[in-house]
Amino acid sequence: MRRLAYWFLLALALCGGAQPARAIWLSESGDVAWLTGSIEVGDGERFKAFLERPRAKPLRVLYLSSSGGYILPAFAIGRLVRQAGLVTAVDAGSAACSSACTFIFAGGVRRHYVGGEGVFEGSTALSGLGFHPARRTEKQTGQTILSESGTTRVRAFYAEMGMPRAVELMDKAAFNSMYRPNGATALALKIATSLSPP
């Protein structure tokens with residue numbers, strides 16, 4: 026029976042039915058870098074290796090566009106961003122930085138929410154910064170539920186990065202939704218330091 030299951034899974038993989046998780050994609054031009062895609066396990070190490078690459082001039086700005094992903098690698102990347110002294114930016118007119126992506130945004134020594142004044146605040150906007158409480162999937166049922174321990178860790182991380190009031194936006198998000206602030210709110214809560222390009 027095990028042998029049959031092995032061949033079935035192998036055939037499924039060869040036919041494209043089983044695909045590896047997509048990790049972040051990193052690119053750069055001059056002193057500007059871009060991080061896009063889902064944040065997966067191992068991405069903290071990938072980002073560290075990216076930062077350590079030899080380059081003619083050091084990176085200065087990291088633009089973000091991600092629907093989020095795993096908390097721990099996002100924390101690791103956010104801390105690496107802070108250690109490297111990078112500025113973070115999200116172009117609210119064309120990109121979303123949701124869920125765990127906001128931990129990376131928090132790492133910026135300065136945080137630019139470009140075009141944030143155009144975001145319609147609440148749960149209907151599709152672009153800009155997006156906040157929600159931590160969630161996890163139950164192993165037995167596959168059901169998504171709130172994670173109190175995860176939310177506690179997120180609160181501590183935002184405080185560590187100097188934007189503790191981000192939790193106010195997490196608390197406004199309905200279950201399975203994202204709360205997106207406009208530029209004025211992001212500045213008032215010290216989530217963003219500017220609404221202009223870096």
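Residue numbers in the sequence shown follow the working numbering, run continuously in steps of one, and reach 223 at the last position. Just so it is clear, CB atoms sit at the ideal spot from N, CA and C, and this is done for glycine as well.
- For residue 53, there is no enclosing alpha helix (DSSP H); the residue is found in the beta strand (DSSP E) stretching over 50-54.
- For residue 138, the enclosing beta strand (DSSP E) covers residues 136-139.
- Look at the beta carbons and you see the segment 114-132 touching the segment 90-102: at least three pairs across the two are nearer than 8 Å.
- Around residue 58, the same chain offers 84 and 87 as residues with beta carbons nearer than 6 Å, after the five sequence neighbours per side are excluded.
- Contact annotation: residue 149 and residue 130 have beta-carbon atoms that are not nearer than 8 Å.
- By the neighbour-count definition (other C-beta atoms within 10 Å, threshold 16), residue 60 is a buried residue.
- The segment 88-168 contains, as complete beta strand (DSSP E) runs of 3+ residues, the segments 112-116, 121-123, 136-139, 153-155 and 160-162 (chain order).
- The bridge partners DSSP lists for residue 219 are 137.
- Secondary structure of residue 192 (DSSP, three-state): helix.
- Taking all protein chains in view, the Cβ of residue 205 is crowded by 16 or more other Cβ atoms within 10 Å, so the residue is classified as buried.
- The beta carbon of residue 62 sits closer than 7 Å to those of 47, 48, 49, 50 and 91, all from its chain and outside the five residues before and after it, given in chain order.
- Each residue's CA atom was taken as its position, placing residue 215 and residue 132 some 13 Å apart.
- Following the DSSP letters along the chain, one finds residue 179 inside the alpha helix (DSSP H) bounded by residues 173-185.
- Assigned with DSSP and collapsed to three states, residue 205 falls in strand.
- Of the residues 52, 56, 221 and 54, the one whose Cα lies closest to the Cα of residue 141 is 221.
- For residue 81, the three-state secondary structure derived from DSSP is coil.
- The Cβ atoms of residue 192 and residue 153 do not sit closer than 8 Å to each other.
- Per DSSP, reduced to three states, the secondary structure at residue 60 is strand.
- Nearest to residue 183 by alpha-carbon distance, out of 109, 96, 66 and 202, is 96.
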